[in-house]
Every structure is written in structure tokens, then in C-alpha cells.
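First residue of the sequence shown: 32, per this note's numbering; consecutive thereafter.
We put the CB at the ideal spot given by N, CA and C, even for glycine.
These notes are about the structure you will find just below.
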Amino acid sequence: MAIDLLSRFKSAKQQREIIENIGEGKIDLLIGTHRLLSKDIKFKDLGLLIVDEEQKFGVMHKEKLKLLKETVDTLTLSATPIPRTMHMSLIGAKDLSIINTPPHNRLPVKTEVSRFDCDLIREAVLKEIDRGGQVFFVHNRVQSIHGMAATLYDIVPEVSIAVAHGQMKGHELETVMHKFVRGEVQVLVSTMIIESGIDMPKANTLIVNRADKLGLSQLYQLRGRVGRSQQQAYAYLLIPQSKKPSRDAIKRLQTIQEYSHLGSGYKIAMRDLEIRGAGNIFGAEQTGFVNALGFELFTKIIRQSIRKVRKEMNIDSFDQAEESKDPFEARIKISINAYLPSDFVHSASERVDLYRRLVQTKSIKEIDQIHHEILDRFGPLPKPAQNLLDYIYLKRYAVKAGVEKLSVDNDAINGEFNNEVLPTGEQFQKWLADMVEHVPDSFQLDQAQNKLKFTMRGESGSSHIEIAKKFLQSIV
32 MAIDLLSRFK
42 SAKQQREIIE
52 NIGEGKIDLL
62 IGTHRLLSKD
72 IKFKDLGLLI
82 VDEEQKFGVM
92 HKEKLKLLKE
102 TVDTLTLSAT
112 PIPRTMHMSL
122 IGAKDLSIIN
132 TPPHNRLPVK
142 TEVSRFDCDL
152 IREAVLKEID
162 RGGQVFFVHN
172 RVQSIHGMAA
182 TLYDIVPEVS
192 IAVAHGQMKG
202 HELETVMHKF
212 VRGEVQVLVS
222 TMIIESGIDM
232 PKANTLIVNR
242 ADKLGLSQLY
252 QLRGRVGRSQ
262 QQAYAYLLIP
272 QSKKPSRDAI
282 KRLQTIQEYS
292 HLGSGYKIAM
302 RDLEIRGAGN
312 IFGAEQTGFV
322 NALGFELFTK
332 IIRQSIRKVR
342 KEMNIDSFDQ
352 AEESKDPFEA
362 RIKISINAYL
372 PSDFVHSASE
382 RVDLYRRLVQ
392 TKSIKEIDQI
402 HHEILDRFGP
412 LPKPAQNLLD
422 YIYLKRYAVK
432 AGVEKLSVDN
442 DAINGEFNNE
452 VLPTGEQFQK
462 WLADMVEHVP
472 DSFQLDQAQN
482 KLKFTMRGES
492 GSSHIEIAKK
502 FLQSIV
């Protein structure tokens, strides 16, 4: 098997040769950096794409990856999937496998969040040096990294310090890293370039300056650079002395400190999804909300479409549990105001939670429980709230009765059965015959669509919603 490597550390001549070989199919396996996404890279027959450290690739990078080959099998690897990828796996757009077992004898990294303190930094560095280890000091600003290295030298003048960042020339960066690997440098002051691909068992203390400016995935990846041996490792996340971090930054720091055990990447990724939001699946937008549809409806549409495509492609991994929840979606049309008024349920978060729970109910019993809970917590329901409960009841009864469409207005109640779930038993046939006998002209068969439809008219002054509920209950 012919294997080659492509990165900026290769000379221009070497890069041209590799690009020619990959276009002619002379290379079986090509390992490379983002350089592989350049326009001059043309694969003869790409069969498998493996993306390691997936969180390092932005949306624009992933759009370019799609253009490499539309139907190529793709495997992405990440300790902390970004929210967009995490969300796509949760709704079934991507398959997700989790490895929770840590390497043998690996210890969790002790994590501490602290204000910038020279005494703390000196103590942490000397403690690591005294036991024969090395230190990563992360300062993610190239413009001021040499100034930070000078400050660090003033704090611990007795140790050897070197600087590494991505804007250095290739041979300079390579020289610094080799010195650190050989132990000639005790403290490496660097940017986020050490975030991935660095495996140095002797480095077991990490100090991150301005940790409040980094994302959850970045903090987790950085912490993974230490503790790669049987030695106890330490991570110090520093924030400014006087400036208060933002609310989201506090959440991130609390999360990374809370989930310090091995194999916690999945939980951290889930928390990152909560903090940042899922974003839009299609297009180049990394974050944002689907305002036009609403998140619940958007997710539901995507999930249904994915299941449909997977069934057509005979892919067995589609969500069988989701498929068996409801045979169809009942469409209810009622001209009423149905919502929870703000003066009835004062808290916006409680209103959102109640809406979510009502939409996700799958049985009459669940609706009854929420109904009783609302009565107990907030008192008698105002008209809009009662309309909302009636609407949810009607949707659930309609699904159970096999009614696909239902419209309720002041004149009549019109409906249409779903042929696939229309009851065929003797009891239903008898009920249908009774209805046709006692309520003539209420049921008719649409020959064009082969649909059984019905029309109900209530007594003057009666509630058509209640009539519709009782009618559907009689079918159930």
C-alpha cells in the first residue's frame, strides 16, 4: 500500500509530486491537514474519507469536504463533537458510536479554575518540574505571546521556556517542538496549536490563560494534552483578576470543572449543545435558530425525512422506536385562540416547558396528568388555555380513531379517515352502519381519492369542539 503525507511542512516540489500522484491514483492512503481541502487536490477515485479531530473543521471546511465526492463513506472522529454535529446525530442524520473506556491506568486530570495569580503559577510550574515533568502554558494570542513568555520568565526564572505558535515558519516550529520532546525545554508557551495531535507523556501540568475566551470543546481538547501517562495531571484554567466572565463563559468553566472524569466528552458535548444551540443543519450557518418553523417542528420534519430516505435505501439503522410512535400526523383545523396567557403562567420558561410536554404527549392519560397539574399549580383555565388543551385532546383522539384530517368551525365538523389505519373489525363496521342509519348523509366515500369522509352538525348553541371530541371517542 502506498501511503503519503501532505502538509505545509512539505516543500513546494514535494507537494506538487504528491498532488500529481494522488490525481493519477498512485497513492492509496493520503494523510494530510486542511491542505487536502485546497482546490488543486483532485482524487482519482476517493472511496473513504476519515476526518480526525472533527471539531477543528468549520462549516465552510465541511462544505468543501462534501464536494470531494457526494457518495463517499465518511467517518468523523472527535472527543467533543460540535453542537451542529451532535444535533445531527441525535436526530438520526448521522450514526453515532461512543467509546467510554479509557486507556489502562489512566487517571482523571484534576481541574481548577482560578484568577490569574503569579504565586499559583510559580507553585504549579515548580511542582511539575520537581517531579521531572514538563508544562504547557497556553496563551492564545500571537501578538502578545512573547510578552506572556517574558512575564512567565519573571515568575519562574529558573526554568527553560520556549514559544510556539502557528505563524512561525515551519522549520522554526519543528525545532521548538523537537526540543520540548527531548526535554531541553521545560515550559512551552503556545497557542491552541497543541490542542490536538500532541502526545507527550512527560507533560502533566497545563495552565490556560484567559480560559474564559475558549470554547468547551477547546478546553476539553487542551486538557487532554496532559495526563497521558500514569502520573497524576493538573489543569489550571485562569481568568482575569478583575474582569467578570460572561454568563456563557461561566457555564463553560463550570462544565469543564464538573466533568473531569475520564470519558466525559459526550456529556460535555451535550452541555455545549445546550449552551450554544444546535444551529441550522443545511447551509453554512453554524449557529442560530429556525425561527420560521420553530425548533420542535423543524426537528420533527428532519427526523421524518431521514427515516423516509433510510427506508428507501434499505438502511437498517433508522430509529424503529420513532417509527412506531404514531402511524400518521393528524391535521386539526380550528379557528380559535389556543395558548397559555402570560398572566396565567407568568414564567416564560414554564410556558415553554408546558408547550413542549403537551406537544410530546402520546396518550390521553398523559394529557390528563398535565391538565390536572396546570389546574393544581395555576388554578382554573382561561379560555385560550382551555382551547389549547382541547386542541391537544382532539389531535390525540384523532390519531387513535384513524382520522387524518379534522376541521371544526361554527357550521360543521368535517373529517377524513386515513386508509392505512381505518378500522376493519366487525365492531367498527356495526358502528359505521349505525351512524349512517341515524345520521344520514354524514358519511361518504370520495371515489377520486378513495377516502372515507364525514360531516357532523351539532345542535344550535352547542360546542362543536365537545361534539368532535365525543364523536372521536365513540370511534375509539
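Candidates the options: which alpha carbon is nearest residue i's?
i, options, result
"Arg382", "Glu447, Gly258 and Leu371", "Leu371"
"Lys75", "Gly446, Glu51 and Leu68", "Glu51"
"Glu497", "Asn449, Tyr422 and Gly446", "Tyr422"
"Leu108", "Leu80, Pro188, Arg341 and Lys393", "Leu80"
"Glu215", "Lys95, Ile160 and Ser373", "Ile160"
"Glu189", "Gly178, His65, Lys158 and Lys210", "Lys158"
"Met91", "His65, Phe502, Leu420 and Phe485", "His65"
"Arg153", "Arg162, Lys274 and Val187", "Val187"
"Lys484", "Gln285, Val434, Arg283 and Ile506", "Val434"
"Ser438", "Arg283, Arg256 and Lys364", "Lys364"
"Leu245", "Leu268, Gly446, Gln272 and Tyr386", "Leu268"
"Asp71", "Gly54, Gly63 and Ile401", "Gly54"
"Lys125", "Ile270, Gly63 and Arg338", "Arg338"
"Arg259", "Lys461, Pro271, Lys200 and Leu237", "Leu237"
Count the other CB atoms, across all protein chains shown, that sit within 10 Å of the CB of residue i; report buried if there are 16 or more and exposed otherwise.
i, result
"Gly197", "exposed"
"Gly56", "exposed"
"Asp243", "buried"
"Leu250", "buried"
"Asn240", "buried"
"Gln217", "buried"
"His170", "buried"
"Gln15", "The requested residue 15 does not occur in the structure, where the chain is confined to residues 32 to 507."
"Leu127", "exposed"
"Ile130", "exposed"
"Lys274", "exposed"
"Gly296", "buried"
"Asp279", "exposed"
"Arg162", "exposed"
"Arg283", "buried"
Can you name, in chain order, every residue of its own chain whose Cβ lies under 7 Å from the Cβ of residue i, other than the five neighbours on each side?
i, result
"Phe409", "Phe375 and Val376"
"His177", "Val194"
"Gln504", "Tyr428"
"Leu1", "Here the chain comprises residues numbered 32 to 507, so residue 1 is not present and cannot be evaluated."
Closer than 6 Å by C-beta to residue i: which residues in its own chain qualify, once you throw out the five before and the five after it? Chain order, please.
i, result
"Glu84", "Ser227"
"Asp35", "Ile49, Ile58 and Leu61"
"Ser248", "Gln86 and Thr111"
Distance check for residue j and residue i, CA to CA, integer angstroms please.
i, j, result
"Thr182", "Phe167", "15 Å"
"Pro232", "Gln46", "32 Å"
"Lys87", "Ser378", "39 Å"
"Asn368", "Pro415", "5 Å"
"Met32", "Leu77", "15 Å"
"Pro413", "Asp440", "20 Å"
"Ile287", "Thr105", "29 Å"
"Gln252", "His403", "47 Å"
"Ser277", "Val144", "15 Å"
"Ser348", "Val103", "With a pLDDT of 48 at Ser348, under the threshold of 50, the modelled position of that residue is not reliable, and the figure given next carries that caveat. Taking the straight line joining both Cα atoms gives about 18 Å."
"Leu67", "Asp150", "45 Å"
"Ala429", "Val340", "27 Å"
"Ala432", "Leu406", "27 Å"
"Ser69", "Arg39", "12 Å"
"Arg362", "Asn418", "16 Å"
"Met301", "Arg172", "28 Å"
"Leu425", "Pro411", "20 Å"
"Ile401", "Leu389", "8 Å"
"Leu420", "Ile398", "8 Å"
"Ala499", "Glu289", "52 Å"
"Lys495", "Ile506", "According to the sequence as given, residue 495 is His; it is not Lys. Roughly 17 Å between the two C-alpha positions."
The alpha helix (DSSP H) spanning residue i covers which residue range?
i, result
"Thr182", "Ile176 to Ile186"
"Phe502", "His495 to Ile506"
"Tyr424", "Lys414 to Ala432"
"Ser380", "Ala379 to Val390"
"Gly446", "Note, Gly446: premise wrong, no alpha helix (DSSP H); beta strand (DSSP E) at Ile444 to Phe448."
"Ile53", "Ala43 to Glu55"
"Asp150", "Cys149 to Asp161"
"Ile34", "Ile34 -> not in any alpha helix (DSSP H); beta strand (DSSP E) instead, spanning Ile34 to Leu37."
"Leu250", "Leu247 to Arg254"
"Ala280", "Arg278 to Glu289"
Locate the beta strand (DSSP E) running through residue i, then write down its first and last residues.
i, result
"Gln165", "Gln165 to Val169"
"Gly63", "Leu60 to Gly63"
"Arg362", "Arg362 to Ile365"
"Asn131", "It is not in any beta strand (DSSP E) - Asn131 carries neither H nor E in the DSSP assignment."
"Ala234", "Ala234 to Val239"
"Ile225", "Unbroken run through Ile225: none, as it is neither H nor E."
"Asp104", "Asp104 to Thr107"
"Val144", "Lys141 to Arg146"
"Ile270", "Tyr265 to Ile270"
Given residue i, which residues of its chain have a CB within under 8 Å of its CB, disregarding the five upstream and five downstream residues?
i, result
"Gln263", "Leu138, Lys141 and Asn235"
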